[in-house]
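Asks: Sharing a structure here in structure tokens format.
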Amino acid sequence: MSIEVGSKVSGKVTGITNFGAFVDLGEGQTGLVHISEVSNGYVKDIHDVLKVGETVTVKVMADHDGKISLSIRQAADHPRKEHHERHNDNHYSRNNHRQPKKDFDALLANFLKESEARLTDLKHNTEGKRGGRGGRRS
């Protein structure tokens with residue numbers, strides 16, 4: 001059986017590396033799911049998401065000279081909307097752009113406040129000691 005690009009198949013995880021997971025598709029064919037294609041969210045450690053021996057459904061993305069590229073996230077039943085589709089959506093408004101900015105501004109302000117407090121504590125703790133800035137010299 002030949003694997004066709006775009007088809008969804010079931011396979012078993014046979015190996016995990018830092019950059020992805022190898023999936024046995026049967027009949028001696030193995031493909032690679034890159035770590036970026038494991039989940040819609042950020043995956044820091046692939047071992048948190050996949051285990052060797054686990055059965056997964058994958059979508060065949062490409063087949064170049066026997067090297068089969070696979071995707072778990074695109075095989076999901078509810079894929080994310082594409083960027084251009086969201087712009088054409090009637091529910092999409094400018095207010096949606098402003099909300100993350102408020103959150104970012106609040107996070108930035110909080111970070112700056114905490115950073116300033118840490119620097120103040122650091123300066124206070126090092127000023128009177130040997131080798132610190134502005135310390136007394138004898």
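Each residue of the sequence shown is one higher than the one before, counting from 1 in full-length UniProt numbering.
Heads up, the beta-carbon is just placed ideally off N, CA and C, and yes, glycines get one too.
None of these values were measured; they are calculated from a predicted model.
When the Cα atoms are used, what is the spatial distance from D63 to G41?
Replies: The straight-line gap from Cα to Cα measures roughly 25 Å.
Asks: Out of curiosity, what's the CA-to-CA distance linking G66 and Q29?
Replies: Taking the straight line from one Cα to the other gives about 8 Å.
Asks: CA-CA distance, D24 and N125?
Replies: Whole-angstrom Cα-Cα distance: 58 Å.
Asks: Could you check whether S71 and V56 sit closer than 8 Å to each other, using their CB atoms as the reference points?
Replies: Taking 8 Å as the Cβ cut-off, V56 and S71 do not qualify as a contacting pair.
Asks: Just how far apart, CA to CA, sit L107 and L119?
Replies: Approximately 18 Å between the Cα atoms of the pair.
Asks: How many whole angstroms separate the CB atoms of S7 and V60, which I take to be in contact at a CB cut-off of 8 Å?
Replies: 5 Å between Cβ atoms; contact.
Asks: With Q29 as the anchor, note down where its beta strand (DSSP E) starts and where it stops.
Replies: Counting along the chain, the beta strand (DSSP E) containing Q29 begins and ends at Q29 to H34.
Asks: Along the chain, where does the beta strand (DSSP E) containing V43 start, and where does it finish?
Replies: No beta strand (DSSP E) contains V43, which DSSP labels as neither H nor E.
Asks: Can the beta-carbon of V33 be found closer than 8 Å to that of A21?
Replies: Result yes, Cβ atoms of V33 and A21 sit closer than 8 Å.
Asks: Anyone know if the C-beta pair for I68 and G31 falls short of 8 Å?
Replies: Contact flag set, yes.
Asks: Taking the Cβ atom as the reference point for each residue, do V52 and V13 lie within a distance shorter than 8 Å?
Replies: Cβ atoms of V52 and V13: closer than 8 Å.
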